[in-house]
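Trainee: Have a look at the structure that comes next, please.
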């Protein structure tokens, strides 16, 4: 491998704990362990899914849950979510070998740009689905990055934390790696290529 297309939330930047806690407080008024676990399982599908499900289950207006997320983004301007453990080391290896570190994210551009700027992540490129691109598992974002930089898809490792990241990679003809928490059960029946499944991003350094 030579290049990486990173997913952002839960892969490059550890946004999930903040998102889960914010939604949990808005929906339940607390961060009890059982509420955090349930809310976390919803966000692992998508934030939009979590908002819809919690709204229906708890009788909380979607706008109140969405406001909790907007308030979190405001706090991140001065106290950003941390870079995922091992991400800076892996990025450094890619650059050392002459590759590119790029991002394909569902996050809106303003929020994504704010996070990478505050964290000092000097990315080579970034595409955001809300700019008018199809969301994963569509390969559109990955293919756009490959075209922009004239890259052989086989030389680009797509790193994410959800099966849709791997599915988008497969559809683009790119290898994939999934960062998973211990105990995570993955349904990989729809992914057509072998996956590199890791619990630590540093485990991917030997790939470059």
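Residue numbers (the numbering used here): 1 to 208.
For every residue, glycine included, the Cβ atom is placed at its ideal position computed from N, Cα and C.
1) Rounded to whole angstroms, what's the CA-CA distance from residue 60 to residue 50? Just pull it up for me.
2) Using only the alpha-carbon positions, how far apart do residue 17 and residue 31 sit?
3) For the segment 158-178 against the segment 127-140, do three or more pairs of beta-carbon atoms, one drawn from each stretch, fall closer than 8 Å, so that the two count as touching?
4) Quick one: give me the first and last residue of the beta strand (DSSP E) that residue 205 is part of.
5) With the cut-off set at 8 Å, would you say residue 102 and residue 4 are in Cβ contact?
6) Among 63, 92, 42 and 69, which has the Cα closest to the Cα of residue 210?
7) Strictly by DSSP, which residues pair up with residue 9?
8) Looking at C-alpha atoms only, which residue of 120, 95 and 86 is the closest neighbour of residue 80?
9) Starting from residue 174, trace the alpha helix (DSSP H) both ways and give me its first and last residue.
10) Answer yes or no: do residue 158 and residue 142 have a C-beta to C-beta separation smaller than 8 Å?
11) Just to confirm before moving on: does the CB-CB distance between residue 145 and residue 176 stay below 8 Å?
12) Threshold first: 3 residues or longer. Then list the beta strand (DSSP E) segments lying entirely within the segment 102-139, N to C.
13) Over what stretch of residues does the alpha helix (DSSP H) that includes residue 86 continue unbroken?
14) Taking the alpha carbon of residue 140 as the reference point, which residue from 109, 47 and 174 has its own alpha carbon closest?
15) Can you tell me whether residue 6 is buried or exposed? The criterion is at least 16 other CB atoms within 10 Å of its CB, across all chains shown.
16) Mind the definition here: the segment 110-126 touches the segment 20-36 only if three or more C-beta pairs lie below 8 Å; say whether that holds.
17) Drop a sphere of 10 angstroms on the beta-carbon of residue 78, count the other beta-carbons inside from all chains shown, and report buried for 16 or more, exposed for fewer.
18) Between residue 190 and residue 54, what straight-line distance do the alpha-carbon atoms span, to the nearest angstrom?
19) If we call anything under 8 Å between Cβ atoms a contact, is residue 19 one with residue 47?
Mentor: Reading from the atomic positions:
1) Taken atom to atom, the span from the alpha-carbon of residue 60 to that of residue 50 is near 12 Å.
2) Each residue's alpha carbon lies about 11 Å from the other.
3) Taking a cut-off of 8 Å for Cβ pairs, the segment 158-178 and the segment 127-140 touch, as three or more such pairs fall below it.
4) Counting along the chain, no beta strand (DSSP E) covers residue 205, and no H or E run does either.
5) In this structure, residue 102 places its C-beta atom within 8 Å of the C-beta atom of residue 4.
6) With the chain covering 1 to 208 only, the question about residue 210 has no answer from this structure.
7) DSSP, once it has assigned bridges, lists 13 as partnering residue 9.
8) Ranking 120, 95 and 86 by Cα distance to residue 80 puts 120 first.
9) Boundaries for residue 174: no alpha helix (DSSP H) harbours it, and the DSSP string shows neither H nor E there.
10) Taking the C-beta atoms as reference points, residue 142 is found nearer than 8 Å to residue 158.
11) Contact: no.
12) 125-128, all fully within the segment 102-139.
13) Where residue 86 is concerned, there is no enclosing alpha helix (DSSP H), given that its DSSP letter is neither H nor E.
14) Measuring from the Cα of residue 140, the nearest candidate turns out to be 174.
15) Residue 6 is buried by the Cβ-count criterion.
16) Touching, no.
17) Residue 78 is exposed by the Cβ-count criterion.
18) With a pLDDT of only 48 at residue 190, under the threshold of 50, the placement of this residue in the model should not be trusted; the figure read from the coordinates follows. Going by the C-alpha atoms only, they are around 28 Å apart.
19) Closer than 8 Å, so yes.
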